[in-house]
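One structure is given below, encoded as structure tokens.
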Amino acid sequence: MILLEQPAQGLTQVPSVAVDGDDRAHSHPGQSPKPLAYVTGTYPALSETFVLAELRELVRRGEQPLVFSVVRGDADAGGAPAAEYVVELPKARQLVALAALLATAPGRTLRALRDPALRFGGSARDMAALTPMALKARGARHIHAHFAGQPADVAGRLSALTGVPFSFTAHAHDLYVEWDRVEEKLAAASFATTVCEYARRFVAERDPAGARKLEVVDAGIDVQAFARSKPYDPDGPIVAVGRLVHQKGHADLIRAAAGGDLPEVVIVGDGHLRTELGALVEETGANVRLAGALPNHAVRDLYEGASMAALACVVAPDGNRDSIPVTLKEAMALELPVVSTDEVGIPELVGADRGVLAPPGDPQAFRTALRE
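The numbering of the sequence shown is my numbering, which starts it at 48 and goes up by one.
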């Protein structure tokens with residue numbers, strides 16, 4: 048398995064999935080190359096547009112990926128492939144599929160059902176529930192999961208049932224907070240990726256041997272979809288895009304915006320801190336509007352009319368954090384200057400020629416950076 052090496056037109060970085068050139072090259076005449084199989088947790092998800100972008104790009108390159116997801120999301124797939132969902136597989140279909148697997152590969156199927164090491168934290172019943180997907184996945188050349196938590200578990204179980212190798216991409220919460228047997232998954236996977244050097248170093252501190260399998264592959268964006276179509280407006284609002292959660296640092300941004308000599312700040316996103324942040328806006332009198340969650344095309348239009356993008360990222364009290372926020376890449380594709388913090392992997396993305404970074408958790412320093 049090799050990583051795609053050449054950036055495609057319209058992508059800032061390569062996809063994080065593996066493509067086996069040999070399998071494609073040695074397909075029999077008249078037969079389609081074996082597909083890639085993808086595993087996600089929730090699909091399609093508004094907060095995981097990078098997964099949709101990656102799948103759309105693979106389709107553009109001629110791939111026909113199989114997509115398996117644990118649960119159904121409520122976002123617009125926007126041309127990405129349809130998925131099959133674990134929670135929607137009827138019991139009768141599971142039994143038929145299990146019988147088919149036992150008939151065609153009894154030894155491997157029984158080993159996967161019986162051996163706890165092959166079940167990746169699940170039970171034999173969990174394995175049996177995946178057998179309809181396994182029937183499809185056994186025709187794939189590789190299985191790749193986004194996130195090192197439940198999706199990587201599902202990918203590992205499908206691999207055990209089918210013999211098809213698997214890999215996964217580790218992002219943020221699945222490393223910094225969850226860390227659910229990541230060492231075990233790294234040992235079993237053919238390789239793994241993560242999205243920045245900061246995340247790779249974090250893994251290396253906890254699992255030096257496993258980190259040797261870890262490649263850093265940036266999460267790409269479609270720069271054609273985020274190409275500027277009108278002149279930059281230096282008097283436009285300051286736009287921050289991110290869920291209303293601690294690690295996005297929106298409270299620090301609101302405090303930084305208090306004072307009245309900055310443009311309007313528009314915060315796009317939703318989450319459990321909405322009431323708390325709304326109260327903080329009222330308390331400080333900051334010129335901040337909480338716009339709620341918006342679809343990707345609306346975010347793009349809001350960014351294009353902005354004067355800058357801002358995200359005051361911090362490490363949350365529970366250790367949760369971003370690795371590199373994809374939304375900052377989208378803002379930069381639209382030629383916006385960025386104000387953020389020198390936390391997590393953001394310094395890998397935002398150089399002095401692209402924006403200003405302030406210390407995390409310091410609203411006054413962030414205010415100075417915004418004014419600069």
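In this text, a Cβ means the ideal position worked out from N, Cα and C, and glycines have one as well.
Source: prediction; values computed, not measured.
| Asked | Found |
| --- | --- |
| Residue range of the alpha helix (DSSP H) that includes residue 286 | Run containing residue 286: none in the alpha helix (DSSP H); it sits in the beta strand (DSSP E), 285-288. |
| Buried versus exposed, by CB contacts within 10 Å (16 or more), residue 234 | exposed |
| Of the residues 131, 153, 180, the one placed nearest residue 141, counting alpha carbons only | 180 |
| Distance CB(residue 117)-CB(residue 202) smaller than 8 Å | no |
| As assigned by DSSP and simplified to three states, the class of residue 213 | strand |
| 7 Å CB neighbourhood of residue 251 in its chain, flanking five on each side removed | 258 |
| Reduced DSSP category for residue 269 - H, G, I as helix; E, B as strand; rest coil | strand |
| Runs of alpha helix (DSSP H) lying entirely within the stretch 320-389, each at least 4 residues, in chain order | 321-331, 343-351, 373-380 |
| Backbone CA spacing between residue 288 and residue 343 [nearest angstrom] | 11 Å |
| The stretch 387-398 touching the stretch 361-373, judged by at least three CB pairs closer than 8 Å | yes |
| Best match in 193, 146, 188, 346 for proximity to residue 41 [C-alpha to C-alpha] | Shown here, the chain extends from 48 to 419; a query on residue 41 therefore has no answer. |
| Beta-ladder partner(s) of residue 115, from DSSP | 86, 131 |
| Opposing strand residues paired with residue 240 [DSSP bridges] | 216, 262 |
| Sub-8 Å separation of residue 109 and residue 90 beta-carbons | no |
| Distance between residue 112 and residue 416 (C-alpha atoms, nearest Å) | 43 Å |
| Extent of the continuous alpha helix (DSSP H) to which residue 149 belongs | 138-151 |
| Rounded straight-line distance, which links the Cα of residue 82 to that of residue 131 | 15 Å |
| Spatial distance of residue 60 from residue 337 (CA atoms) | With a pLDDT of 41 at residue 60, under the threshold of 50, the predicted position of this residue should be treated as unreliable, and no value is reported. |
| Whole-Å CB distance - residue 354 paired with residue 310, under 8 Å assumed | 6 Å |
| Pair within 8 Å by beta-carbon distance, residue 386 and residue 357 | yes |
| Helix, strand or coil at residue 250 [DSSP, three-state] | helix |
| Residue nearest to residue 398 in terms of C-alpha spacing, selected from 316, 384, 271 | 384 |
| heavy atom of the ligand ZN below 7 Å from residue 376 C-beta | Among the components modelled here there is no ligand, and therefore nothing to report on the ligand ZN. |
| According to DSSP, residues forming a beta bridge with residue 405 | 388 |
| Cβ-based neighbour list, residue 340, same chain, cut-off 8 Å, excluding 5 preceding and 5 following | 93, 315, 316, 317 |
| Option nearest residue 400 by Cα separation, candidates 418, 379, 406, 413 | 379 |
| Enclosing alpha helix (DSSP H) for residue 315 [first to last residue] | First-last for residue 315: 312-315, but that is the beta strand (DSSP E), not the alpha helix (DSSP H). |
| Proximity winner among 281, 163, 302, 192, relative to residue 330 (alpha-carbon distances) | 302 |
| Within 8 Å, strictly: CB atoms of residue 299 and residue 410 | yes |
| Contacts around residue 208, its chain only, beta-carbon distance under 6 Å, and the 5 residues preceding and following it disregarded | 159, 181 |
| Sheet register partners of residue 304 (DSSP bridge) | Answer by DSSP bridge pairing: none, since residue 304 is not bridged. |
| Closest Cα partner of residue 420 within the set 332, 127, 256 | Because the chain in this structure spans residues 48 to 419, residue 420 falls outside the shown range and cannot be described. |
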